[in-house]
Amino acid sequence: MKEKRMDCEKARNIDIVSTLAKLGHFPVRKTEKEAWFLSPFRIETQASFKVSLKQNYWIDFGTFEGGSTIDLVMKMENCSVKEALERLSGNMDHFSFHRRPNPTKAEHRVNPIEIIEEKEIEHRALQNYLSSRSISIKTARILCKEIHYRIGGRTYFGIGLQNRSGGWELRNSYWKGSTSPKDVSMMGNKSKKLAITEGMFDMLTLIELMADIVNSHDLLVLNTTAFVKRMIKEIEDYENVKLFLDRDKTGLGMTELLLEKCPNSRDISFLYEGFKDINEWKVKSAKDEVRKRIQDVSLS
Numbered sequence: 001m002k003e004k005r006m007d008c009e010k011a012r013n014i015d016i017v018s019t020l021a022k023l024g025h026f027p028v029r030k031t032e033k034e035a036w037f038l039s040p041f042r043i044e045t046q047a048s049f050k051v052s053l054k055q056n057y058w059i060d061f062g063t064f065e066g067g068s069t070i071d072l073v074m075k076m077e078n079c080s081v082k083e084a085l086e087r088l089s090g091n092m093d094h095f096s097f098h099r100r101p102n103p104t105k106a107e108h109r110v111n112p113i114e115i116i117e118e119k120e121i122e123h124r125a126l127q128n129y130l131s132s133r134s135i136s137i138k139t140a141r142i143l144c145k146e147i148h149y150r151i152g153g154r155t156y157f158g159i160g161l162q163n164r165s166g167g168w169e170l171r172n173s174y175w176k177g178s179t180s181p182k183d184v185s186m187m188g189n190k191s192k193k194l195a196i197t198e199g200m201f202d203m204l205t206l207i208e209l210m211a212d213i214v215n216s217h218d219l220l221v222l223n224t225t226a227f228v229k230r231m232i233k234e235i236e237d238y239e240n241v242k243l244f245l246d247r248d249k250t251g252l253g254m255t256e257l258l259l260e261k262c263p264n265s266r267d268i269s270f271l272y273e274g275f276k277d278i279n280e281w282k283v284k285s286a287k288d289e290v291r292k293r294i295q296d297v298s299l300s
């Protein structure tokens with residue numbers, strides 16, 4: 001009995017925030033005293049799940065349930081105290097909430113990514129990941145798929161955006177990578193207008209903010225700024241080009257290049273000045289501020 005009681009005491013001291021991270025859940029806001037999450041028990045857009053950092057205690061204001069790390073695992077795994085302690089002991093490879101280790105760079109180089117399955121985005125961990133990036137599942141499904149893949153005998157899953165050569169850009173809470181061949185992703189409806197972003201989450205954010213852009217513009221996700229120069233001739237063919245590139249040194253440099261080479265292009269990155277990219281701006285800014293700024297941007 002004493003040994004079991006010590007196990008429980010150790011388990012209760014396991015950090016809840018770290019445990020949630022292993023499950024693919026990250027705080028949407030955090031202070032010195034508490035961290036707020038989208039509930040791991042349901043899909044939601046407003047964080048209602050609080051963790052007291054000082055007391056290491058959680059409470060779900062959607063159901064008014066709460067407790068220790070043990071209680072969290074019991075609820076998430078629908079298991080007994082004994083089974084929860086087993087899951088928290090470290091021997092948990094076969095349990096559903098255990099996160100497989102990320103593929104190392106060496107593993108990735110030696111073992112090519114093998115796509116196992118492509119389907120509509122359904123997995124709760126991926127939906128929560130999208131929510132943490134302020135992207136709705138409806139928007140994500142316009143461009144992306146849920147991709148299950150294998151690297152070196154281990155299986156993983158993530159959000160996938162296919163490029164025009166058939167390769168995939170892959171993202172999840174823990175890892176980002178891509179399959180060969182690497183290329184840009186182009187989504188078109190034969191428009192004379194073009195919107196350009198660096199990455200998939202920038203484009204998803206753009207669609208989230210300006211839903212009509214899907215119908216009024218062709219969409220180009222570079223997937224790497226290394227492709228800017230090779231795309232100049234294609235970009236020149238458009239009558240109206242809007243640039244939503246990152247505001248870091250590389251992104252600003254590529255924006256300057258495109259403005260010089262493509263006279264019909266326009267830099268819209270002023271929209272998120274003070275932030276690295278448009279997704280970071282949307283995630284970290286107040287909704288009213290985002291709405292006010294976006295109203296001043298014309299799609300014409």
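UniProt numbering puts the first residue of the sequence shown at 1, with every later residue one more than the last. Backbone N, C-alpha and C fix where the C-beta goes; we use that ideal spot for every residue, glycine too.
Would you kindly check if the distance between the Cβ of residue j and the Cβ of residue i is under 8 Å?
i       : j       : result
Phe-61  : Lys-54  : no
Lys-145 : Glu-122 : no
Ser-178 : Ser-216 : no
Thr-255 : Asp-237 : no
His-25  : Phe-41  : no
Ile-14  : Thr-63  : no
Can you give me the C-alpha to C-alpha distance between residue i and residue j, rounded to a whole angstrom?
i       : j       : result
Lys-182 : Ala-226 : 11 Å
Leu-257 : Val-17  : 43 Å
Ala-211 : Cys-8   : 50 Å
Tyr-156 : His-148 : 6 Å
Ile-151 : Leu-161 : 18 Å
Arg-293 : Glu-65  : 39 Å
Ile-196 : Leu-143 : 14 Å
Cys-79  : Glu-86  : 10 Å
Ala-140 : Ser-134 : 10 Å
Ser-136 : Leu-209 : 11 Å
Lys-33  : Trp-168 : 40 Å
Asn-240 : Ile-278 : 20 Å
Phe-275 : Thr-250 : 14 Å
Thr-205 : Lys-282 : 8 Å
Leu-88  : Ile-59  : 20 Å
Are the C-beta atoms of residue i and some chain C residue less than 8 Å apart?
i      : result
Thr-45 : No chain C is present in this structure, which holds just one protein chain.
What are the residues that DSSP puts in a beta bridge with residue i?
i       : result
Lys-145 : Gly-160
Ser-134 : DSSP output for Ser-134 lists no bridge partner at all.
Trp-168 : Gln-162
Just to check, is the beta-carbon of residue i closer than 7 Å to a non-hydrogen atom of the ligand ADP?
i       : result
Glu-146 : Among the components modelled here there is no ligand, and therefore nothing to report on the ligand ADP.
task = Determine, using beta-carbon pairs with one atom in the segment 115-128 and one in the segment 185-192, whether at least three such pairs fall under 8 Å.
result = no
task = Give, in chain order, every unbroken run of the beta strand (DSSP E) that is at least 3 residues long and sits entirely within the UniProt domain "Zinc finger CHC2-type" (13-92).
result = 34-37, 49-52, 57-60 and 65-67
query = Pairing CB atoms from the segment 162-176 with CB atoms from the segment 235-245, are three or more of them under 8 Å?
reply = no
request  = Run through the segment 199-244 for me and flag every whole beta strand (DSSP E) of 3 or more residues, listed as ranges in chain order.
outcome  = 218-221 and 240-244
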